[in-house]
Amino acid sequence: MSALVFFPTVRLLLLGSGHVSGISLLVGLLPEMLFTVILAWFLFATIKDPNRKTHLLDQLVLIYFLFNVLIGFYNAHDLKASIYGFRLTYLPMLAYFVGSYYWDKKVDLERIFHGFFKVLVFVAVIGFMIYFFFPQIHVYFHKLSTDEPIVTSAINFVRMTSILWTPVVFAMLMLSAFCYWTYRYLKTGNNIALLFSLMTVNAVFFSVSRGPMIASVIALILLLVLGKNRKFKLIILGILMLELLLFYLFVPKFSEILEWFFLSSKQTASLEKSNTRVGLWTEVMHSVKHNPMGVGLGKAGHTAVQLFPPGTPGVSFASTDGWYFKLMIETGIPALVMYLGLALTFFISMIRTIRRSTGDIVSVIFIIFVVTGLVNVTSNALDFYLFSYLYWFLLGLFVFKLKQKEHAVKESFGSHS
Numbered sequence: 000m001s002a003l004v005f006f007p008t009v010r011l012l013l014l015g016s017g018h019v020s021g022i023s024l025l026v027g028l029l030p031e032m033l034f035t036v037i038l039a040w041f042l043f044a045t046i047k048d049p050n051r052k053t054h055l056l057d058q059l060v061l062i063y064f065l066f067n068v069l070i071g072f073y074n075a076h077d078l079k080a081s082i083y084g085f086r087l088t089y090l091p092m093l094a095y096f097v098g099s100y101y102w103d104k105k106v107d108l109e110r111i112f113h114g115f116f117k118v119l120v121f122v123a124v125i126g127f128m129i130y131f132f133f134p135q136i137h138v139y140f141h142k143l144s145t146d147e148p149i150v151t152s153a154i155n156f157v158r159m160t161s162i163l164w165t166p167v168v169f170a171m172l173m174l175s176a177f178c179y180w181t182y183r184y185l186k187t188g189n190n191i192a193l194l195f196s197l198m199t200v201n202a203v204f205f206s207v208s209r210g211p212m213i214a215s216v217i218a219l220i221l222l223l224v225l226g227k228n229r230k231f232k233l234i235i236l237g238i239l240m241l242e243l244l245l246f247y248l249f250v251p252k253f254s255e256i257l258e259w260f261f262l263s264s265k266q267t268a269s270l271e272k273s274n275t276r277v278g279l280w281t282e283v284m285h286s287v288k289h290n291p292m293g294v295g296l297g298k299a300g301h302t303a304v305q306l307f308p309p310g311t312p313g314v315s316f317a318s319t320d321g322w323y324f325k326l327m328i329e330t331g332i333p334a335l336v337m338y339l340g341l342a343l344t345f346f347i348s349m350i351r352t353i354r355r356s357t358g359d360i361v362s363v364i365f366i367i368f369v370v371t372g373l374v375n376v377t378s379n380a381l382d383f384y385l386f387s388y389l390y391w392f393l394l395g396l397f398v399f400k401l402k403q404k405e406h407a408v409k410e411s412f413g414s415h416s
């Protein structure tokens with residue numbers, strides 16, 4: 000699956016960024032087809048597994064999944080749109096069950112995704128190389144995808160995307176890698192892990208994506224709170240503070256970026272009507288009043304923008320900047336309530352697990368879970384390429400960890416009886 004980080008580049012070169020059909024559509028569906036093969040193999044292995052167990056969280060995720068898919072297809076009255084909507088949001092959810100029912104019951108969880116986070120460091124390195132040494136490549140691919148180089152709304156600053164070519168998608172993957180490598184450094188003191196942590200958090204900054212940037216600060220605070228080694232915590236905090244000072248003193252645009260960052264964040268937080276995102280949210284809430292059970296799968300968010308011409312009745316084009324709003328207008332207020340309830344259940348379960356075993360890999364899953372919930376306020380993070388699969392797979396691995404512990408307790412009890 001790690002090789003799929005290169006797919007956006009291949010797709011842009013072969014197909015461009017627009018809506019495709021026929022043979023081109025099959026090429027565009029290669030990541031989903033690969034995941035479907037993995038899913039089929041996993042299902043076969045799970046059926047054959049005599050020791051498979053179902054947790055309460057498995058049941059809650061399945062109920063949430065089925066509710067949204069069934070309601071979404073029914074309300075949409077548009078099979079094509081529903082299939083596209085399912086592909087974007089709910090196909091990645093099935094990665095949860097791949098993690099939760101993982102076939103190797105004694106596997107070390109860190110080994111499962113350690114390699115993937117190494118690949119993300121490689122993606123960050125490519126991003127820095129393109130950004131500083133081959134900017135013409137950056138501009139070329141941005142023109143393939145948007146006709147214009149991607150810049151911030153306030154200053155002429157090209158945003159880093161590496162080979163994913165979408166700054167906020169790149170930023171979310173880098174944020175996840177930052178959480179993992181910082182955890183590894185605080186746990187082991189390994190200098191390579193420290194280097195990887197610094198590279199990925201800088202990649203988040205150069206993406207100039209406000210949600211992930213704010214989330215990276217919150218992630219760092221949580222990592223420092225949960226980390227055990229005071230020396231390692233002081234080292235990474237000192238390096239980051241020194242780096243910020245050097246940026247402020249020697250990078251001309253840094254102060255402009257900070258000014259734009261705080262001003263636009265303040266406008267969003269205070270719900271100023273002059274802010275573009277706030278205007279979109281207001282439009283979505285107006286639509287929700289008329290469609291409290293949603294407009295159906297594929298008729299909201301980025302799928303709607305791709306499939307329908309502007310002004311199409313019964314379609315929400317404004318739900319591209321806030322996943323909770325997108326969920327609510329697509330499958331209704333009950334879907335939002337169900338997701339928040341599911342998220343709260345996971346949150347409580349993770350807190351209980353972390354209190355019993357601080358410094359465990361569950362800490363990373365917890366922090367990625369929390370920061371994703373925050374970024375979802377202003378972005379459709381759970382619709383992002385690759386990241387949505389990673390997110391649900393990690394939640395599944397958390398439940399797999401709970402099952403591992405339950406199995407170990409039973410084995411221990413059996414050996415003493």
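Mapping the sequence shown onto numbering that gives the first Met the number 0, position 309 (from 1) lands on 308, and the numbers just tick up by one.
All residues carry an ideal CB built from backbone N, CA and C; glycine is no exception.
All values derive from a computational prediction rather than experimental measurement.
For A94, the three-state DSSP class (helix, strand or coil): Along the sequence shown, read from residue 1 onward, the residue named residue 94 stands at position 95. In this structure, A94 counts as helix in the three-state DSSP scheme.
In this structure, does DSSP put S315 in helix, strand or coil? Residue 315 sits at position 316 when you count from the first residue of the sequence shown. Three-state DSSP puts S315 in a strand.
Suppose contacts are defined by Cβ-Cβ distances below 9 Å. Is V68 in contact with F85 by that definition? Counting from one through the sequence shown, the residue named residue 68 turns up at place 69. Counting from one through the sequence shown, the residue named residue 85 turns up at place 86. Yes.
Among L396, L326, L393, P333, nearest to D382 - alpha-carbon criterion: Walking along the sequence shown from the start, residue 382 turns up at place 383. Here the closest residue by C-alpha is L326.
Once the 5 residues before and after S152 are set aside, which same chain residues still bring their CB inside 6 Å of it? Sequence index remark: in the sequence shown, residue 152 carries index 153 (1-based). With a pLDDT of only 49 at S152, under 50, the local geometry of the prediction cannot be trusted, and the value read off the model is given with reservation. None.
Specify whether the segment 288-303 and the segment 311-328 touch according to this definition: at least 3 beta carbon pairs, one from each stretch, less than 8 Å apart. yes
Beta-carbon gap between L396 and I350 smaller than 9 Å: Residue 396 sits at position 397 when you count from the first residue of the sequence shown. Residue 350 sits at position 351 when you count from the first residue of the sequence shown. No, Cβ-Cβ distance for L396 and I350 is not below 9 Å.
Grouping DSSP H, G and I as helix and E and B as strand, with all else coil, what is V122? The residue labelled residue 122 in the question sits at position 123 within the sequence shown. Reduced to three states, the DSSP call for V122 is helix.
Between the alpha carbons of S206 and L262, how many angstroms are there, rounded? Here residue 206 is taken as the residue at index 207 of the sequence shown, counted from 1. Here residue 262 is taken as the residue at index 263 of the sequence shown, counted from 1. Approximately 18 Å between the Cα atoms of the pair.
Could you give the C-beta distance for S161 and I129, rounded to a whole number, given that I count them as a contact under 8 Å? Counted from its first residue, the sequence shown places residue 161 at position 162. Counted from its first residue, the sequence shown places residue 129 at position 130. About 7 Å separates the two Cβ atoms, so the contact holds.
Tell me whether F392 is buried or exposed, calling it buried when 16 or more other Cβ atoms sit within 10 Å of its Cβ. If you number the sequence shown from 1, residue 392 lands on position 393. By the neighbour-count rule (16 or more Cβ atoms within 10 Å), F392 is buried.
Identify whether V157 lies in helix, strand or coil by the three-state DSSP scheme. Position 158 of the sequence shown, counted from the start, is the residue given in the question as residue 157. DSSP places V157 in strand when its eight states are reduced to three.
The segment 230-241 in contact with the segment 210-217 per 3-pair CB rule at 8 Å: no
From what residue to what residue does the alpha helix (DSSP H) around T181 run? Walking along the sequence shown from the start, residue 181 turns up at place 182. Element bounds for T181: 166-187.
Contact under 9 Å by Cβ, V4 with L193: The residue you call residue 4 lines up with position 5 of the sequence shown. The residue you call residue 193 lines up with position 194 of the sequence shown. Going by C-beta atoms, V4 is not nearer than 9 Å to L193.
Tell me A299's beta-bridge partners as DSSP assigns them. As a working note, residue 299 is residue 300 in the sequence shown. S315, per the DSSP bridge assignment.
Where does E329 sit, in a helix, a strand or coil, going by DSSP? If you number the sequence shown from 1, residue 329 lands on position 330. Looking at E329 - three-state DSSP - the assignment turns out to be helix.
Determine the contact status of V294 and S286, defining contact as a CB-CB distance below 9 Å. Against the sequence shown, residue 294 aligns to sequence position 295. Against the sequence shown, residue 286 aligns to sequence position 287. Against a cut-off of 9 Å, the Cβ pair of S286 and V294 comes out as a contact.
Y139: first and last residue of the uninterrupted alpha helix (DSSP H) it sits in: The residue given as residue 139 occupies position 140 in the sequence shown. Unbroken alpha helix (DSSP H) run through Y139: 134-145.
F386 and L222 look like a contact to me (Cβ under 8 Å); what is the Cβ gap, rounded to whole Å? Mapped onto the sequence shown, residue 386 falls at position 387. Mapped onto the sequence shown, residue 222 falls at position 223. Between L222 and F386 the Cβ distance is about 19 Å, and since that is not below 8 Å, they are no contact.
P251 versus W280: straight-line alpha-carbon distance, rounded: Numbered from its first residue, the sequence shown carries residue 251 at position 252. Numbered from its first residue, the sequence shown carries residue 280 at position 281. Cα to Cα, P251 sits roughly 34 Å from W280.
Less than 9 Å between the beta carbons of F64 and M92, yes or no? What you label residue 64 is simply residue 65 of the sequence shown in a count that begins at 1. What you label residue 92 is simply residue 93 of the sequence shown in a count that begins at 1. Result yes, Cβ atoms of F64 and M92 sit closer than 9 Å.
If you follow the alpha helix (DSSP H) that F260 is in, where does it begin and where does it stop? Residue mapping note: residue 260 aligns to position 261 of the sequence shown, counting from 1. Element bounds for F260: 253-268.
Looking only at its chain, what residues have a beta carbon closer than 6 Å to the beta carbon of C178, apart from the 5 residues adjacent to it on each side? Counting from 1 along the sequence shown, the entry for residue 178 is found at position 179. If we look at C178 and ignore the five residues flanking it on each side, its Cβ neighbours are A218, V363, I366, I367.
Whole-angstrom distance between S16 and L245, CA atom to CA atom: Here the question's residue 245 lines up with position 246 in the sequence shown. Here the question's residue 16 lines up with position 17 in the sequence shown. In a straight line, the C-alpha of L245 is about 38 Å away from that of S16.
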